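Heads up, the thing below is written out as structure tokens.
Residue numbers (my numbering): 2 to 243.
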């Protein structure tokens, strides 16, 4: 992207050239021809006025563009974890689901940090934020390139995993679960260890498969994982592919 000074210089040069052309046309039209005074006026005026006017305008436009980019980034990514925001995750997962061919195995995993309320009480919300940030970074390194991960809110995360078998899905999520359990987040000199429970919805795509169905079954499986003692993976597949 061109910087502010470069843009101002380009506009000034274009203004000078345009001024020379206009001055030449007018001079020729009156039959006077171009002389040194006409040339000097055609060059000096835009060379002096152009930068002063365009510097402010270009700066304003660049600031507006920067703010628009920041707003788009805030709408797409969660500021704390760096993962997709809830809205962006749902949009991208829906699109990926739509592109998946019929019969392809698709999976959606819900991750929830165990005992997060107690963690916040012990280390404060800043400590909880440190854990959320560390988890977001870890998930970005552990998922595959075509997987989609997002923070749905609070301590809840989701991963959409297309084109995986049941065994492969379990291996991926078990690797993630173990990596999280082994990770130590240091906050104000204090080591924090935590675990996650994972609810998994997995089945072949059919023409009627909807992302909402995957989410519903993954959420139900997450509840089962909590009930089974936490720090584990539970599966809830629908009996009908709807």
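Where is the CB? At the ideal position from N, CA and C, for every residue including glycine. Source: prediction; values computed, not measured.
Check, Outcome
"Residue burial classification, residue 113 (beta-carbon count within 10 angstroms, cutoff 16)", "buried"
"For residue 233, three-class secondary structure by DSSP", "coil"
"7 angstroms CB neighbourhood of residue 234 in its chain, flanking five on each side removed", "171, 174, 175, 178, 199, 201 and 226"
"DSSP-derived helix/strand/coil call for residue 94", "helix"
"Simplified DSSP assignment, three categories, for residue 157", "strand"
"Given 8 angstroms, three or more beta-carbon pairs between the region 190-197 and the region 116-130", "yes"
"As assigned by DSSP and simplified to three states, the class of residue 102", "coil"
"Under the three-state DSSP convention, the category residue 148 falls into", "coil"
"Through-space distance from residue 84 to residue 95, alpha-carbon basis", "17 angstroms"
"Collapsed DSSP secondary structure at residue 186 in the structure displayed", "strand"
"Closest by C-alpha distance to residue 138, when choosing among 107, 79, 18 and 41", "79"
"Cα-Cα separation, residue 1 to residue 51", "Any question about residue 1 goes unanswered here, given that the chain covers just 2 to 243."
"Spatially closest choice to residue 13 from 24, 43, 123 and 143, by CA coordinates", "43"
"Assigned secondary structure, residue 243 (DSSP; H/G/I helix, E/B strand, else coil)", "The predicted model places residue 243 with a pLDDT of 37, which falls under 50 and marks its position as unreliable, so this point remains unresolved."
"Cβ neighbours of residue 163 in the same chain (closer than 6 angstroms, five flanking residues each side left out)", "97, 101 and 107"
"Alpha-carbon to alpha-carbon, residue 82 and residue 47", "49 angstroms"
"Residue 189: CB within 7 angstroms of a non-hydrogen atom of the ligand MG", "The ligand MG is absent from the structure shown, which contains no ligands of any kind."
"Opposing strand residues paired with residue 200 [DSSP bridges]", "111 and 235"
"Alpha-carbon to alpha-carbon, residue 127 and residue 242", "Because the pLDDT of residue 242 is 39, which lies under 50, any placement of that residue in the model is unreliable, and the number read from its coordinates should be weighed accordingly. Using only the alpha carbons, I get a separation of about 42 angstroms."
"C-beta atoms of residue 158 and residue 109 nearer than 8 angstroms", "no"
"Proximity below 8 angstroms, CB of residue 88 to CB of residue 154", "no"
"Per-residue DSSP class, three states only, for residue 211", "coil"
"Cα-Cα separation, residue 20 to residue 53", "17 angstroms"
"Range of the contiguous beta strand (DSSP E) that encloses residue 194", "Per DSSP, residue 194 belongs to no beta strand (DSSP E) and is neither H nor E."
"Close Cβ partners of residue 221 (< 6 angstroms) along its chain, the five nearest in sequence each way excluded", "237"
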